[in-house]
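What follows is a short report on a single structure.
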Amino acid sequence: MQETTEMGYNTKVEDDVVVTRLDAALNWFRKYSIWPMPMGLACCAIELMGTGASRYDISRFGMEVMRFSPRQSDVMIVAGTVTYKMALSVKRIYDQMAEPKWVIAMGACASTGGMYRSYAVLQGVDNILPVDLYVAGCPPRPEALLDALLKLQNKVQREPLLATLKKPGPALAKA
Amino acid sequence: MNALDTAKKLGDKFPEALSGPTEFRGELTLEVADPERIVEICEFAKKELGFDYLVDVSSVDNYGNDPRWTVVYLLYGIASKQYLRLVTSVSEEKSELPTVTGVWRTANWHEREIYDMMGIRFRGHPDLRRIIMWEGYPYFPLRKDFPLAGKPSEMPDVAFSKTAPLEGGPFVTSPGAKDAVEREPRVKTVET
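So, in structure tokens, the structure goes:
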């Protein structure tokens with residue numbers, strides 16, 4: 000009896016193999032399972048709900064899982080006016096989120112304080128959190144928020160994951 | 000009995016404490032001379048005249064004039080469908096008047112808001128704490144001499160505030176000025 004060994008091209012294996020870099024693959028997993036933390040503080044939260052509803056279908060991008068627990072979420076969408084009274088609670092919830100984490104400032108108020116130039120309103124959530132994306136609008140359309148989430152996907156895809164794996168994220172790096 | 004008769008009836012009951020009623024655009028206002036008597040007047044208005052609903056309690060800062068504070072009570076009778084406004088003045092040195100929470104329980108939060116925003120205290124209030132700003136915030140932000148941009152304050156682990164960038168503002172219109180140029184919004188800052 001003579002045994003034959005297949006050399007070179009193996010059709011049984013090669014059909015199911017995709018060759019890539021490890022961090023590109025990990026980033027690919029990450030970018031299609033970005034779970035939002037809906038930090039709804041004002042009227043932008045209504046548009047955020049509209050984004051999550053059936054017409055705009057946020058689950059096309061794997062982001063429909065709005066988690067109200069910071070432990071289970073990846074991107075905090077700050078939707079609305081951040082008052083000084085609320086600011087430290089927003090910061091605390093951000094601190095409770097597990098790395099890796101991102102922040103989207105949705106709308107004029109979260110980005111800059113918006114029309115509220117007053118004693119009560121924090122002038123932009125970037126005073127307390129590292130913001131990745133700002134969405135313009137008052138409030139922004141659901142399409143604008145989806146565009147920001149797609150841009151966030153691009154950002155996640157480009158991240159040098161393995162190089163920074165053991166390094167702390169932006170929140171811990173400052174301390 | 001129409002609203003004017005009801006207001007007159009209240010005025011006749013307390014002739015030395017109440018003046019009015021004055022009518023402006025169909026709304027009736029009675030002025031209470033002595034804020035210390037507000038409780039018995041409100042009690043009579045509720046029990047005898049049927050003003051069973053306290054719509055709002057608010058306050059006015061007549062900055063630069065004496066007495067500085069005006070406290071406004073807006074009353075409504077659900078059965079009679081009549082409104083009545085009671086107005087009383089409090090000096091800045093005193094900044095205190097008796098609470099009407101014993102008459103209408105809803106006055107609780109209205110009076111807390113006035114205390115929070117204007118710094119007028121209500122004697123006998125069951126729970127006179129700040130309601131919108133945080134406990135320990137040092138200012139009363141709705142006073143006329145408080146700048147719109149705010150003042151910095153810091154309470155570690157509770158809250159903080161900074162001065163908001165106003166880019167030269169606040170921009171205030173002057174209604175009633177002669178021409179459009181005078182009326183349009185200009186920078187106006189109140190001396191602090």
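Chains A and B, in that order, give the protein sequences. Under numbering that gives the first Met the number 0, the residues of the first sequence are numbered 0 to 174, in order. Under numbering that gives the first Met the number 0, the residues of the second sequence are numbered 0 to 191, in order. Even glycine gets a Cβ: it sits at the ideal position worked out from N, Cα and C.
Comparing C-alpha positions only, which one of the options sits nearest to residue i?
| i | options | result |
| --- | --- | --- |
| Asp131/A | Tyr31/A, Ala104/A and Val18/A | Ala104/A |
| Tyr93/A | Val81/A, Arg70/A and Thr19/A | Arg70/A |
| Lys154/A | Thr3/A, Arg20/A and Trp27/A | Trp27/A |
| Trp68/B | Glu30/B, Ser79/B and Glu91/B | Glu91/B |
| Gly123/B | Ile130/B, Pro137/B and Thr98/B | Thr98/B |
| Ala6/B | Gly49/B, Asp33/B, Ser57/B and Glu35/B | Gly49/B |
| Lys166/A | Phe67/A, Pro99/A and Lys90/A | Pro99/A |
| Val89/B | Val59/B, Gly175/B, Pro125/B and Asp115/B | Val59/B |
| Ala143/A | Ile76/A, Thr19/A, Asp15/A and Arg20/A | Ile76/A |
| Gln122/A | Lys45/B, Phe13/B, Pro151/B and Cys41/B | Pro151/B |
| Trp34/A | Asp146/A, Met62/A and Val89/A | Met62/A |
| Arg116/A | Arg111/B, Met132/B and Gly167/B | Gly167/B |
If contacts are defined as beta-carbon pairs under 8 Å, then residue i and residue j qualify, I think. What distance do you get, rounded to the angstrom?
| i | j | result |
| --- | --- | --- |
| Tyr55/A | Pro141/A | 4 Å |
| Asp22/A | Leu161/A | 4 Å |
| Cys42/A | Pro139/A | No, Cys42/A and Pro139/A are not in contact; Cβ-Cβ is about 11 Å, not under 8 Å. |
| Trp101/A | Val74/A | 4 Å |
| Ala148/B | Tyr118/A | 7 Å |
| Gly106/A | Ala78/A | 7 Å |
| Leu73/B | Thr105/B | That pair is no contact at about 12 Å. |
With residue i as the anchor, note down where its alpha helix (DSSP H) starts and where it stops.
| i | result |
| --- | --- |
| Trp108/B | Ala106 to Met117 |
| Ser88/A | Tyr83 to Gln95 |
| Ser110/A | Gly106 to Thr111 |
| Phe28/A | Leu21 to Lys30 |
| Arg157/A | Pro141 to Arg157 |
For residue i, which residues in chain B fall below 8 Å Cβ to Cβ?
| i | result |
| --- | --- |
| Val120/A | Ala163 |
| Gly113/A | Simply none; closest approach about 11 Å. |
Note down, in chain order, every chain A residue with its Cβ under 9 Å from the Cβ of residue i.
| i | result |
| --- | --- |
| Ala140/B | The sequence shown places Pro at residue 140/B, rather than the Ala named in the question. Within chain A, the residues near Pro140/B are Ser117, Tyr118 and Ala119. |
| Met117/B | Residues of chain A passing the Cβ test: none, with the nearest at roughly 14 Å. |
Taking C-beta pairs closer than 7 Å, name the residues in chain A that residue i reaches, listed in chain order.
| i | result |
| --- | --- |
| Gly149/B | Ser117 and Tyr118 |
| Trp108/B | The contacting residues do not exist; Trp108/B stays about 17 Å from chain A at best. |
| Trp133/B | Lys84 |
Taking the beta strand (DSSP E) that residue i belongs to, which residues open and close that run?
| i | result |
| --- | --- |
| Ala32/B | Here Ala32/B belongs to no beta strand (DSSP E), and DSSP marks it neither H nor E. |
| Pro20/B | Leu17 to Phe23 |
| Ala148/B | Note, Ala148/B: premise wrong, no beta strand (DSSP E); not H, not E. |
Buried or exposed, going by whether 16 or more other CB atoms sit within 10 Å of the CB of residue i?
| i | result |
| --- | --- |
| Gln81/B | buried |
| Asn198/B | Only positions 0 to 191 of chain B appear in this structure, which leaves residue 198/B out of reach. |
| Glu183/B | exposed |
| Pro37/A | buried |
| Glu2/A | exposed |
| Met114/A | exposed |
| Phe23/B | exposed |
| Ile77/B | exposed |
| Met0/B | exposed |
| Ser160/B | buried |
| Ala174/A | In this prediction, Ala174/A has a pLDDT of 47, which is less than 50 and means its spatial position is unreliable; what the coordinates show is noted afterwards. With fewer than 16 Cβ atoms within 10 Å of its Cβ, Ala174/A is classed as exposed. |
| Pro159/A | exposed |
| Phe67/A | exposed |
| Val195/B | Any question about residue 195/B goes unanswered here, given that chain B covers just 0 to 191. |
| Gly112/A | buried |
What does residue i reach in chain B if we use C-beta pairs closer than 7 Å?
| i | result |
| --- | --- |
| Leu83/A | Note that residue 83/A is Tyr in the sequence shown here, rather than Leu. Result: Ala158, Phe159 and Ser160. |
For residue i, which residues in chain A fall below 8 Å Cβ to Cβ?
| i | result |
| --- | --- |
| Trp192/B | Residue 192/B falls outside the range modelled here, since chain B spans only 0 to 191, and no answer is possible. |
Could you name the residues of chain B that residue i contacts, counting a contact when the two beta carbons are closer than 9 Å?
| i | result |
| --- | --- |
| Leu175/A | In this structure chain A extends from 0 to 174, so residue 175/A is not present and cannot be described. |
Using a threshold of 6 Å, is the CB atom of residue i nearer than that to any non-hydrogen atom of the ligand ATP?
| i | result |
| --- | --- |
| Arg29/A | Because no ligand of any kind appears in the structure shown, any question about the ligand ATP cannot be addressed here. |
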